[in-house]
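Once you know that position 76 of the sequence shown is 75 in numbering that gives the first Met the number 0, the rest is easy, because the numbers rise by one and skip nothing.
Contents: one structure, followed by commentary.
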Amino acid sequence: MEESGESFNYETALARAKEGDVEAQYELGWRHAIGMEAELDDTVAVGWLVKAAEAGHMLAQNNMGARHYTGDGVDLNLKKAYRFFYLAANQGDRKAGKNLDVIAKKLTGDELAECRRLVNA
């Protein structure tokens, strides 16, 4: 999309996202989250970001981890935050790796063990 020098077209991005284009899903989520060339709408933003994160988009995974860590537009849930940060960190996202360390300090030993078990299942 914009990274390749193309200008952003909402309708084109929407069509691509609906067809499963993970990059388009992330871009729509990001744009709705900040209101850039798309309506500022956290519900729509989270919907697209979750799709992209579940499909393996590293930046979307880190974004969803941060949202669950703070409760921004989703339920505050450290276990879900851990999962998304873990997925992003496994793809090389250094920020996500640092965020895992922060969350690990906030979880009990049993909670941390459960998180690790879930991401390795």
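Just so you know, even glycine gets a beta-carbon here, dropped at the ideal spot from N, CA and C.
Since the model is a prediction, treat every value here as computed from it, not as a measurement.
Self-check item: Host alpha helix (DSSP H) of Asn8 (start-end)
Solution: Asn8 -> no alpha helix (DSSP H), and no H or E assigned at all.
Self-check item: Entirely enclosed alpha helix (DSSP H) segments - the region 44-87, minimum 4 residues
Solution: Listed in chain order, the complete alpha helix (DSSP H) runs (minimum 4 residues) inside the region 44-87 are 57-69.
Quiz prompt | As assigned by DSSP and simplified to three states, the class of Ala103 | solution = helix
Quiz item: Looking at C-alpha atoms only, which residue of Arg30, Tyr81, Val21 and Arg93 is the closest neighbour of Asn8?
Solution: Arg30
Quiz item: What are the boundary residues of the alpha helix (DSSP H) that Glu18 is part of?
Solution: No alpha helix (DSSP H) contains Glu18, which DSSP labels as neither H nor E.
Quiz item: When you compare only the Cα positions, how much space is there between Lys104 and Thr11?
Solution: 43 Å
Quiz item: Terminal residues of the continuous alpha helix (DSSP H) containing Ala112?
Solution: Ala112 -> alpha helix (DSSP H) spans Gly108 to Val118.
Self-check item: Alpha carbon of Ala88 to alpha carbon of Gly108, nearest angstrom
Solution: 21 Å
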